[in-house]
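Everything below concerns the one structure shown next.
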Amino acid sequence: MPQHKILIANRGEIAMRILSACVRLGHGFVCVYTEADAASGHVRLAREQGGEGSLRRIRSYQDASEIFAVADATNATAVHPGYGFFAEDFRFARRAETRDRPLVFIGPSWGVIRDLGDKINTKRIARSLGVPTIPGSDRPIFDEMEAVELALTIFAFQREQGIAEGCVLVKASAGGGGMGIEEVYDLDAFRSAYRRIRNYAKRNLSDEGVLIEQRIFDFNHLEVQVAGERGGKNAVHFGTRNCSVQSLGRQKRIEVAPGFDAASIEYAFDAGRVLDAITSHSVNMALAVGYDNVGTWEWIVTPKGEPFLMEVNTRIQVENGVSGVISRLRGADRGEARVDIIAEQLRLGLGEPLGYTQADVSFSGVGIEYRVIAEDPSNRFTPCLGRIERFSWRPEPWLAVSTQVPTAVTGEPYDIPMDYDPNLALAIIWGADLREARARGEAFLDGLVLEGADASGAPLATNVAFLRARTQTLLHF
Amino acid sequence: MLNVKEMLEELKASPYEEIEVVTPHTGVIQFVGLKAGDRVAGPGGKWNEKPGSVLATLTREKNKKNICATQKGVVTDIAADLEGQFVEAGVRLLTIRHFLSKDEVIARILKKALYLFCAPERAKYYFVPEIDGKIKAGGEQSVKPRDGMEMFIVSRMKRETPLAYSGPEGIIYAVYFQQGDNVDGGQPLIGVCQESQLTLIQDVVNRVQGEWEEQD
Numbered sequence: 023m024p025q026h027k028i029l030i031a032n033r034g035e036i037a038m039r040i041l042s043a044c045v046r047l048g049h050g051f052v053c054v055y056t057e058a059d060a061a062s063g064h065v066r067l068a069r070e071q072g073g074e075g076s077l078r079r080i081r082s083y084q085d086a087s088e089i090f091a092v093a094d095a096t097n098a099t100a101v102h103p104g105y106g107f108f109a110e111d112f113r114f115a116r117r118a119e120t121r122d123r124p125l126v127f128i129g130p131s132w133g134v135i136r137d138l139g140d141k142i143n144t145k146r147i148a149r150s151l152g153v154p155t156i157p158g159s160d161r162p163i164f165d166e167m168e169a170v171e172l173a174l175t176i177f178a179f180q181r182e183q184g185i186a187e188g189c190v191l192v193k194a195s196a197g198g199g200g201m202g203i204e205e206v207y208d209l210d211a212f213r214s215a216y217r218r219i220r221n222y223a224k225r226n227l228s229d230e231g232v233l234i235e236q237r238i239f240d241f242n243h244l245e246v247q248v249a250g251e252r253g254g255k256n257a258v259h260f261g262t263r264n265c266s267v268q269s270l271g272r273q274k275r276i277e278v279a280p281g282f283d284a285a286s287i288e289y290a291f292d293a294g295r296v297l298d299a300i301t302s303h304s305v306n307m308a309l310a311v312g313y314d315n316v317g318t319w320e321w322i323v324t325p326k327g328e329p330f331l332m333e334v335n336t337r338i339q340v341e342n343g344v345s346g347v348i349s350r351l352r353g354a355d356r357g358e359a360r361v362d363i364i365a366e367q368l369r370l371g372l373g374e375p376l377g378y379t380q381a382d383v384s385f386s387g388v389g390i391e392y393r394v395i396a397e398d399p400s401n402r403f404t405p406c407l408g409r410i411e412r413f414s415w416r417p418e419p420w421l422a423v424s425t426q427v428p429t430a431v432t433g434e435p436y437d438i439p440m441d442y443d444p445n446l447a448l449a450i451i452w453g454a455d456l457r458e459a460r461a462r463g464e465a466f467l468d469g470l471v472l473e474g475a476d477a478s479g480a481p482l483a484t485n486v487a488f489l490r491a492r493t494q495t496l497l498h499f
Numbered sequence: 487m488l489n490v491k492e493m494l495e496e497l498k499a500s501p502y503e504e505i506e507v508v509t510p511h512t513g514v515i516q517f518v519g520l521k522a523g524d525r526v527a528g529p530g531g532k533w534n535e536k537p538g539s540v541l542a543t544l545t546r547e548k549n550k551k552n553i554c555a556t557q558k559g560v561v562t563d564i565a566a567d568l569e570g571q572f573v574e575a576g577v578r579l580l581t582i583r584h585f586l587s588k589d590e591v592i593a594r595i596l597k598k599a600l601y602l603f604c605a606p607e608r609a610k611y612y613f614v615p616e617i618d619g620k621i622k623a624g625g626e627q628s629v630k631p632r633d634g635m636e637m638f639i640v641s642r643m644k645r646e647t648p649l650a651y652s653g654p655e656g657i658i659y660a661v662y663f664q665q666g667d668n669v670d671g672g673q674p675l676i677g678v679c680q681e682s683q684l685t686l687i688q689d690v691v692n693r694v695q696g697e698w699e700e701q702d
């Protein structure tokens, strides 16, 4: 396989994981950073692994021309968008591939991103393939009167179903990752939420489209990790994960793989059948649309075991590692190995074939991923700005921690930049079963030292206690 | 009580500011033959629609962009070694010594007299769409802030929250932030002029008009 030089168009821990995968696969890399990120771990790691020549300071991670100018100046041959920023921007992917000096876009081809990036179009495709989707609008709503009428219809339907307190979700059509989404319980709140989301979407996503959906309570949020090769003819899945532990803003905080664990927990439905259904629906849909890189099919499953497809994320996700830690690949040349999903993404993105089938993929044990964040869970998960002074944990063979906070390595204090998410670290724990994974997860959190001060000098708020409290209820409805 | 005379003396002792011109983004830099001591013009026209003197060009992805003076003044300290180089964002190119105009002196003094509503924390700030529309249509002074009025959107770490104004009623006399730019906690967002301050403001304007000599 020819060696590439990959421009990592992202920051923080995902930039570090991509960089490590490049090094493992023998590819060169270039990292970019902004002024606010000068102290970030990804800058330090790039400097260590590739020297100053592998780093370029740019104006913004969201300026495509900056990315392409750096790619040209450093002779990069491919661009990895990570997650967020340009990861789901089909225009960026198209521009990378069609410019005078083309770059390989490490992600699905731009046509696939365009078709599945729009929640509404995804819903249409899913419905045409017989995949169940959430009741609600199947096109973006731009008109407030029309939105109100749709909300009224959903409230009326919920009343008919005997739901005392109806609830409607208002979502930015082009949003994702828990951003641009609100739930409302009455019509007055609906009107202002609709305007707010539309303004947010216009400002941040350049797309005013808003989706109105029925809010389904007491659901589990499951995901299927899919990987397909270029050409879209072969695809496999790397199992399911459960992402139901979320903040009030519907951002994930703990992920568990697999999505249900019938060996440890009694469900009111056949959990194995539900997992089979969502994995086969996801892979079939991937094959139908010619999906050609890694991606995630997101599902909600009701307490009765009814799955509904929510959306498809046409990118690597934060939580890919928790699927990787339980997935095993069999093969003549590799024995049985854990799966590095980012390395698979690079391999597939650069045009290598899958080289295995679903029969070669097996699963072992239970994985838990904790997102350690500077935030105050008791105050609506408000992000906390401040300085980290101590950050350490006990290394264990069953534990992998990714963090951009340099304090963990150098001991130097680190000021959390306000321009980005306050995510500090991802910790992935593996156990032979749910009981062992939980016990190890709690042991990790108990041994975690994370101290600092916020802007007012008070102790830095973190979500560690919240993660600890939620560990025992993982995978339950 | 505001001592206008004293403030004017202070400003007269150091009647200029040094403006560092940095690259806004990456690209290949070409200077346009300026040398230290050259005078440059700032933006002009009724709405500042005419850009200032070209200082250098920055070429990125075949697009050449002029880097223009944002204020009039005298060029000092040019980083000539960057000529023809691919540069990163935020690299210093040259410095402009800008001598303060009467309007700038008035704005500086008034900043001490107006009621300043400050950013509670470091974040990006926007006016809510209704206020933004009003300012665009009728200017800053068409908005009359009152206590509890929802005026701003605070955006940080990709989360947006509304922010209400707190302080005396008046009109917006000055806006001190650019929408979408980072503002540090404690920095003023707007300066509000109360009705009782109108005499003081007139006094500042008169004194500066009479006593300040523009140097270029």
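Going line by line, the protein sequences match chains A and B.
Going by the numbering used here, the first residue of the first sequence is number 23, and it counts up by one from there.
Going by the numbering used here, the first residue of the second sequence is number 487, and it counts up by one from there.
Ideal Cβ placement from N, Cα and C applies to all residues, glycine included.
Mind checking the region 501 to 513 of chain B against chain A and listing, in chain order, the residues whose C-beta falls within less than 7 Å of any C-beta there? P510, H511, T512 and G513
Would you call B/I639 buried or exposed, if buried means 16 or more other Cβ atoms sit within 10 Å of its Cβ? buried
What separation, rounded to the nearest whole angstrom, lies between the Cα atoms of B/L579 and A/L497? 57 Å
Proximal residues to A/G294 (C-beta, below 7 Å), its chain only, five neighbours per side dropped: A284
Could you check where the alpha helix (DSSP H) with A/H522 kicks off and where it finishes? Since the first and last residues shown for chain A are 23 and 499, residue 522 of chain A lies out of range.
For B/L596, tell me which candidate among B/E699, B/V691 and B/I657 has the shortest Cα-Cα distance. B/V691
Return the CA-CA distance between B/G530 and B/P537, expressed in angstroms with no decimal places. 7 Å
Would you decide whether B/G666 is buried or exposed? Buried here means 16 or more other CB atoms lie within 10 Å of its CB. exposed
Chain B contact residues for A/V394, given Cβ-Cβ distances below 9 Å: Here the premise fails: no neighbours, minimum Cβ distance about 15 Å.
Which residues, taken in chain order from the region 404 to 431 of chain A, show a beta carbon closer than 9 Å to some beta carbon of chain B? T404, P405 and L407
How long is the line joining the alpha carbons of B/E626 and A/D398, rounded to whole angstroms? 36 Å
Output, in chain order, the set of chain B residues within a Cβ distance shorter than 9 Å of A/F90. R546 and E547
If contact means a Cβ-Cβ distance below 9 Å, which residues of the region 601 to 612 of chain B contact chain A? E607, R608, A609, K610 and Y612
How should B/W533 be labelled, buried or exposed, when 16 other C-beta atoms within 10 angstroms of its C-beta is the threshold for buried? exposed
Please classify B/I676: is it buried, with 16 or more other beta-carbons within 10 angstroms of its beta-carbon, or exposed? buried
A/A65 classed as buried or exposed, judged by whether at least 16 other C-beta atoms fall within 10 angstroms: Before going on, a small fix: residue 65 of chain A reads as Val here, not Ala. With 16 or more Cβ atoms within 10 Å of its Cβ, A/V65 is classed as buried.
Opposite A/I410 in the DSSP bridges: which residues? A/Y436 and A/G474
Could you name each continuous alpha helix (DSSP H) segment of 4 residues or more that falls completely within the region 339 to 369 of chain A, going from the start of the chain to the end? 342 to 346
In the DSSP assignment, find the unbroken beta strand (DSSP E) run with B/Y502 in it and report its ends. Y502 to V508
Inspect the beta-carbon positions of B/L586 and B/L497 and report whether they are closer than 9 Å. yes
Can we say the region 210 to 225 of chain A touches the region 255 to 275 of chain A, given the rule of at least three CB pairs closer than 8 Å? no
How is A/P405 classed by DSSP in three states: helix, strand or coil? strand
Which two residues bound the contiguous beta strand (DSSP E) that contains A/L446? N445 to G453
Any beta carbon of chain B sitting closer than 9 Å to that of A/P435? no
Comparing the C-beta of B/A575 with each C-beta of chain D, is any distance below 9 Å? Judged by its chain identifiers, the structure shown contains no chain D, and its protein chains are A and B.
Sort B/E535, B/Q557, B/L520 and B/V508 by Cα distance to B/L544 and report the nearest one. B/V508
Run through the region 151 to 185 of chain A for me and flag every whole alpha helix (DSSP H) of 4 or more residues, listed as ranges in chain order. 166 to 182
Taking A/A449 as the query, report the chain B residues whose CB atoms sit under 7 Å from its CB, ordered along the chain. In chain order: nothing, as chain B lies at least about 20 Å away.
Anticipated Cβ contact below 8 Å, A/G408 with A/I438, distance rounded: 6 Å
Can you tell me which residues form a DSSP beta bridge with B/R525? B/V560
Pairwise C-alpha distance: A/I338 and A/R39: 11 Å
Looking at chain B, which residues of the region 229 to 255 of chain A have a Cβ within less than 7 Å of any of its Cβ atoms? none
Got a sec: is the Cβ-Cβ distance from B/R706 to anything in chain A below 9 Å? What the structure shows of chain B is the stretch from 487 to 702, and residue 706 of chain B is not part of that stretch, so it cannot be assessed.
When we look at the beta-carbon of B/V518 and count the other beta-carbons within 10 Å, is it buried (16 or more) or exposed? exposed
What residue range is occupied by the uninterrupted alpha helix (DSSP H) comprising A/I135? W132 to G139
Given a cut-off of 9 Å, decide if A/S349 and A/F260 are closer than it, judged by their beta-carbon atoms. yes
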